[in-house]
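Peer 1:
Protein chains in written order, with UniProt numbering: chain Y, 1 to 357; chain B, 1 to 357.
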């Protein structure tokens, strides 16, 4: 019997025993490492993420990644509320780490998941989150192979925090870096921006605004792979526009590459509902988080081909060339407004939207 | 200029600019992804973990792990208090993940670190934690190559939670699993148990007890490598005895391997100070967490050789053969007491020591 079969067998035996979490809410015992932890792992995590590599009784997972470069990344998720139109902390945690790997030019392969749960957190909500993680993992074709659970006392967390880490394999030689932009490059935005942040704000219900906005959370490795297949040598930088939005990503690129980025306000894709909500709340969509959009800096001569490639993918149907890279003034992002003026799009100061992801 | 040189250059430029965190306490802006986050990353994390692969401006790190099996693991740390005799949450988070990789038979190579910070957390404490992580990483010869920081509002965390993930390379073919124990095997404990848990309890200061106990937190990959070098084919199971202690680990082994583990109370190494504190608090040292001790199940015929190998290492000077594996009763851990009786060492129920790691 191979090791894989043995593990599958063990999972089967565990499943036949059908461990049941009898508590409706998480207790400190669920984090103690004993019987309650074991039951929680088997009845919730193993049930949701079932795969032969997930080894709840071992200290880690053994995987094979091949001889090439490996991308390794992590993100913690503390979004509030945990459930929002278009997604929840679970698919956010999977897609976010999948996307960070994709931005390195890697094919995402395996994920880990660390949970910090607050005593009293409803077990039903945890099941909803793990189900959503499992669905997102399946969609992104990644496997959650190892994990951890801690429980803290009431008032020492906010229900559930999730930290995912991921490994991916780089299958074609690409050089992607925030410092790779050069004058003459085009700045492409993969789709309409700001929907995730706007959806979270509406879900918080602090504002009494209603609008048909859902989070854009999505795995971007597929569309990125298409782009890199067509233009392996002409994509300079890929960044997903999460916390701080497109403005923050481009400021990092301008700074790291010592170039200027000049955006054209009229060409930045934003849905009118998002623009509307942002206006009501006094926010600039350029700073609002997306969870399924990225910025690609591409050799200007190949910008059209890049755009066509992105638009051919369902997640890039509304992609647009939103700006260009120039030599001066280095380190700055400028916006040509619809009225013909130019203003500096500065680095984000303060936090207009705490706990957006 | 190679990519590595470019990155080192960029780090040098950043260092010359000497970003300074002017706030004494963490604010929500430090988690927003903008200017304050950037400064925090550069002035605190990059300063502490400085290495060419740590790419604060990119979404992940590219590493090379070779063609063999790769071990991948994660753990979240929520220990309270954050600082305790013998260590803090920082070295715990590094050593814990290093040890999980070591228990897979892997040489730990790279770590990620995700921070969840509470608004108001002292920046000086964060520096102390990152300095301690850097020192632990250097001792364990691992590199912290990627990370993330989130900030939550006051009252939504407890100062600082850290989630580390790690990758390691398996350089010799070993088969280690909780399900690998067989009748006739010896159960070896690598050193005196329970010191970490006892140190944490004393540090909580709830009990008014004073005793010269420090945490046993330590990286175990070195001593494990020695053992596997000498006995590559005769070590069945390696588990570090953290949450739930030696009793929990052995229950998992007994259950997964469908064997019994029979412990000899007189041969389990425990320091008298730890025994004393546990007696005062009504705890059994077998259930108390260690952070630098492991249990090895070894082919009985090679137990003496295994013990000699462990004792030759500074972290194993007090290693002991504490029990044996028998066929019956499958799934149970038994303890032969000093008085000649036998009792079942059951799976931990409830949580006697919340937030021990």
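C-beta atoms are modelled at their ideal positions from N, C-alpha and C, and glycine is treated no differently.
Counting pairs of Cβ atoms below 8 Å between the region 232-243 of chain B and the region 97-105 of chain B, do you hit three or more?
Peer 2: Taking 8 Å as the limit for Cβ pairs, the verdict is that the region 97-105 of chain B does touch the region 232-243 of chain B.
Peer 1: Determine the extent of the beta strand (DSSP E) in which residue 150 of chain Y is found, giving its start and end residues.
Peer 2: Start and end: 143-152.
Peer 1: Checking the sheet assignment: what are the DSSP bridge partners for residue 110 of chain Y?
Peer 2: According to DSSP, which records beta bridges pairwise, residue 110 of chain Y is partnered with Y:143 and Y:167.
Peer 1: If you scan the UniProt domain "PurM-like C-terminal" (182-329) of chain B from start to end, which runs of the beta strand (DSSP E) of 3 or more residues do you find wholly inside it?
Peer 2: Counting whole runs of 3 or more residues, the UniProt domain "PurM-like C-terminal" (182-329) of chain B contains the beta strand (DSSP E) stretches 186-189, 235-240, 260-264, 294-298 and 320-326.
Peer 1: Which residue wins for smallest C-alpha separation from residue 82 of chain B, given the options B:203, B:317 and B:294?
Peer 2: Comparing Cα-Cα distances from residue 82 of chain B to each of B:203, B:317 and B:294, the minimum goes to B:203.
Peer 1: How is the alpha helix (DSSP H) around residue 94 of chain B delimited, first residue to last?
Peer 2: Looking at the DSSP string, the run of the alpha helix (DSSP H) that includes residue 94 of chain B is 89-103.
Peer 1: Give the secondary structure of residue 355 of chain Y by DSSP, where H, G and I count as helix, E and B as strand, and everything else as coil.
Peer 2: Note: residue 355 of chain Y maps to coil in three-state DSSP.
Peer 1: Note down, in chain order, each residue of its chain lying with its Cβ closer than 7 Å to the Cβ of residue 108 of chain Y, except the 5 sequence neighbours on either side.
Peer 2: So the qualifying residues of the chain are 98, 101, 102, 140, 142, 166, 168 and 221.
Peer 1: Per the DSSP calculation, residue 348 of chain Y is bridged to which residue(s)?
Peer 2: Bridge partners of residue 348 of chain Y: none, in fact.
Peer 1: Check the Cβ of residue 128 of chain Y against every Cβ in chain B and list those closer than 7 Å, keeping chain order.
Peer 2: Residues of chain B passing the Cβ test: none, with the nearest at roughly 20 Å.
Peer 1: In chain B, what lies closer than 7 Å to residue 308 of chain Y by C-beta?
Peer 2: Those do not exist, as residue 308 of chain Y stays about 25 Å from chain B at its closest Cβ, beyond 7 Å.
Peer 1: Find the nearest neighbour of residue 313 of chain B within the set B:66, B:212, B:227 and B:112, judged by alpha-carbon distance.
Peer 2: Ranking B:66, B:212, B:227 and B:112 by Cα distance to residue 313 of chain B puts B:227 first.
Peer 1: On the three-pair Cβ rule with 8 Å, is the region 251-261 of chain Y touching the region 330-348 of chain Y?
Peer 2: Taking 8 Å as the limit for Cβ pairs, the verdict is that the region 330-348 of chain Y does touch the region 251-261 of chain Y.
Peer 1: Pick out whichever of B:266, B:160 and B:58 has its Cα sitting closest to the Cα of residue 238 of chain Y.
Peer 2: Of the candidates B:266, B:160 and B:58, the one whose C-alpha sits nearest the C-alpha of residue 238 of chain Y is B:58.
Peer 1: Quick one, which of Y:35, Y:247, Y:33 and Y:40 has its alpha-carbon nearest residue 25 of chain Y's?
Peer 2: The shortest Cα separation from residue 25 of chain Y among Y:35, Y:247, Y:33 and Y:40 belongs to Y:40.
Peer 1: For residue 35 of chain Y, go through chain B and note every residue whose CB falls closer than 8 Å to its CB, in chain order.
Peer 2: Residues of chain B passing the Cβ test: 347, 348 and 349.
Peer 1: What's the call for residue 294 of chain B, buried or exposed, on a 16-neighbour Cβ count within 10 Å?
Peer 2: Result: buried.
Peer 1: Check whether the Cβ atoms of residue 63 of chain B and residue 145 of chain B lie closer than 8 Å to each other.
Peer 2: Yes, Cβ-Cβ distance for residue 63 of chain B and residue 145 of chain B is below 8 Å.
Peer 1: So if I threshold CB-CB distances at 7 Å, which residues from the region 49-82 of chain B count as touching chain Y?
Peer 2: Listed in sequence order: 57, 58, 59, 60, 61, 62, 63, 64, 65, 66, 67, 69, 70, 71, 72, 73, 74, 75, 76 and 78.
Peer 1: Run down chain Y in chain order and give the residues with a C-beta less than 7 Å from the C-beta of residue 28 of chain B.
Peer 2: Here the neighbours are 351 and 354.
Peer 1: Given a limit of 8 Å on CB to CB distance, which residues of the region 94-116 of chain B reach chain Y?
Peer 2: Per Cβ criterion, the list reads 99, 100, 101, 103, 104, 106, 110, 112, 113, 114, 115 and 116.
Peer 1: With 8 Å set as the bound, which would you pick, yes or no: does the beta-carbon of residue 150 of chain Y sit closer than that to a beta-carbon of chain B?
Peer 2: So yes, residue 150 of chain Y belongs to the interface.
Peer 1: Verify the CB distance criterion: does residue 6 of chain B have a CB-CB separation below 8 Å to chain Y?
Peer 2: Yes, contact with chain Y.
Peer 1: So residue 37 of chain Y is in the alpha helix (DSSP H); what residue range does that whole segment cover?
Peer 2: Counting along the chain, the alpha helix (DSSP H) containing residue 37 of chain Y begins and ends at 35-40.
Peer 1: Please classify residue 301 of chain Y as buried or exposed, where buried requires at least 16 other C-beta atoms within 10 Å of its C-beta.
Peer 2: Exposed: under 16 other Cβ atoms inside 10 Å.
Peer 1: Could you pull out every residue in the same chain whose Cβ sits closer than 8 Å to the Cβ of residue 224 of chain Y, ignoring the five residues on either side in sequence?
Peer 2: Hits under 8 Å: 102, 103, 105, 238 and 294.
Peer 1: Interface residues of chain B around residue 240 of chain Y at Cβ under 8 Å?
Peer 2: Going along chain B in sequence order, the residues near residue 240 of chain Y (Cβ under 8 Å) are 59.
Peer 1: Is it the case that the Cβ atoms of residue 175 of chain Y and residue 113 of chain Y are separated by a distance below 8 Å?
Peer 2: Against a cut-off of 8 Å, the Cβ pair of residue 113 of chain Y and residue 175 of chain Y comes out as no contact.
Peer 1: Could you spell out the range, first to last residue, of the beta strand (DSSP E) harbouring residue 334 of chain B?
Peer 2: Per DSSP, residue 334 of chain B belongs to the beta strand (DSSP E) from 333-336.
Peer 1: Does the region 193-213 of chain Y touch the region 274-281 of chain Y, meaning 3 or more C-beta pairs lie closer than 8 Å?
Peer 2: Taking 8 Å as the limit for Cβ pairs, the verdict is that the region 193-213 of chain Y does touch the region 274-281 of chain Y.
Peer 1: Bridge partners of residue 76 of chain B, per DSSP?
Peer 2: The partner list for residue 76 of chain B (beta bridge, DSSP) reads B:163.
Peer 1: Quick check on DSSP: helix, strand or coil for residue 22 of chain Y?
Peer 2: Residue 22 of chain Y: coil per DSSP, three-state reduction.
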